[in-house]
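Just so we're aligned: 8 in the numbering used here is position 8 of the sequence shown, and the numbers increase by one with no gaps anywhere.
For glycine and all other residues, C-beta sits at the position ideal for the given N, C-alpha and C.
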Amino acid sequence: MSSYDTVLVDTPAEGVARITMNRPEARNAQNLDMTYDLNAAFDAAAQDDTVKVIILAGADPHFSAGHDLRRTGKQGLGTDFPVVGHWGGFAEPGAHGRMAREQEIYLQITRRWRNLAKPTIAAVQGRCIAGGLMLAWACDLIIASDDATFCDPVVTMGVCGVE
């Protein structure tokens with residue numbers, strides 16, 4: 001399997017590909033690099049005939065603290081990454097272009113993982129917060145350790161869950 005900057009891929013058993021988010025210093029918060037690395041790793045596992053099941057995990061101590069909010073500017077919009085979805089309007093200025101890009105990053109990519117022909121399992125330990133839910137919910141099955149906790153903070157603000 002390929003190597004990536006923000007995820008590790010290994011084969012813990014025959015027929016099993018494990019994709020591990022590897023930003024423990026950021027509690028595995030996903031930035032755009034990680035989102036696109038995850039997408040490439042899921043694609044590679046899906047196309048590998050020896051892989052029968054895909055596990056998504058987070059490097060200790062937490063599965064994912066959600067979206068990494070520290071990235072801003074052009075990279076914050078993901079315009080330096082190739083388009084993988086079918087949404088249009090990526091080059092449009094202003095809100096239209098931004099919404100098209102957000103559809104790509106926050107909906108289309110995880111929808112692609114959700115629709116893979118191979119079963120996917122989220123192995124959740126520690127915290128799974130906000131954008132971490134987006135990743136776990138894209139999987140067919142969630143296996144939670146005894147210390148796993150799930151939280152969507154926007155509900156405390158009176159907003160329905162968005163992940």
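Do alanine 122 and leucine 56 come within 8 Å of each other at the CB atom, strictly closer than that value? Here residue 56 is taken as the residue at index 56 of the sequence shown, counted from 1. Here residue 122 is taken as the residue at index 122 of the sequence shown, counted from 1. Yes. Within cutoff.
For threonine 149, report the span of its alpha helix (DSSP H) as first-last. Within the sequence shown, residue 149 is the residue found at index 149, counting from 1. Segment 149 to 151 is the beta strand (DSSP E) holding threonine 149; no alpha helix (DSSP H) there.
Give me the Cα-Cα distance between cysteine 151 and cysteine 128, rounded to the nearest whole angstrom. Working through the sequence shown from its first residue, we reach residue 151 at position 151. Working through the sequence shown from its first residue, we reach residue 128 at position 128. Roughly 6 Å between the two C-alpha positions.
Pairwise C-alpha distance: aspartate 48 and alanine 148: Residue mapping note: residue 148 aligns to position 148 of the sequence shown, counting from 1. Residue mapping note: residue 48 aligns to position 48 of the sequence shown, counting from 1. Near 30 Å, if we compare the C-alpha coordinates of aspartate 48 and alanine 148.
Taking 6 Å as the limit between beta carbons, can you name the residues of its chain near lysine 52, skipping five residues before and five after? The residue given as residue 52 occupies position 52 in the sequence shown. So the qualifying residues of the chain are Gly15.
For glutamine 30, which of helix, strand or coil comes out of DSSP? Here residue 30 is taken as the residue at index 30 of the sequence shown, counted from 1. Note: glutamine 30 maps to strand in three-state DSSP.
Could you tell me whether the stretch 27 to 42 touches the stretch 2 to 10, using the rule of 3 or more Cβ pairs below 8 Å? yes
If you drop the 5 nearest sequence neighbours on each side, which residues of the same chain put their C-beta closer than 8 Å to that of aspartate 60? Here residue 60 corresponds to residue number 60 of the sequence shown, with the count starting at 1. Only Pro24, Gln125, Gly126 meet the Cβ criterion.
Taking just the CA atoms, how far does valine 7 sit from alanine 13? Position 13 of the sequence shown, counting from 1, holds the residue named residue 13. Position 7 of the sequence shown, counting from 1, holds the residue named residue 7. Computed Cα separation, rounded: 18 Å.
Using the Cα positions of alanine 100 and alanine 29, report the straight-line distance between them to the nearest angstrom. For the purposes of this step, residue 100 is taken as the residue at position 100 of the sequence shown. For the purposes of this step, residue 29 is taken as the residue at position 29 of the sequence shown. Looking at the two C-alpha atoms, the distance is approximately 22 Å.
Out of Thr120, Arg27, Thr50, Leu107, state which residue places its alpha-carbon closest to the alpha-carbon of glycine 66. The residue you call residue 66 lines up with position 66 of the sequence shown. Closest by alpha carbon: Arg27.
Reference methionine 34; option with closest CA among Arg114, Asn115, Arg111, Gly131: Numbered from 1 along the sequence shown, position 34 holds the residue referred to as residue 34. Minimum Cα distance to methionine 34 is reached at Gly131.
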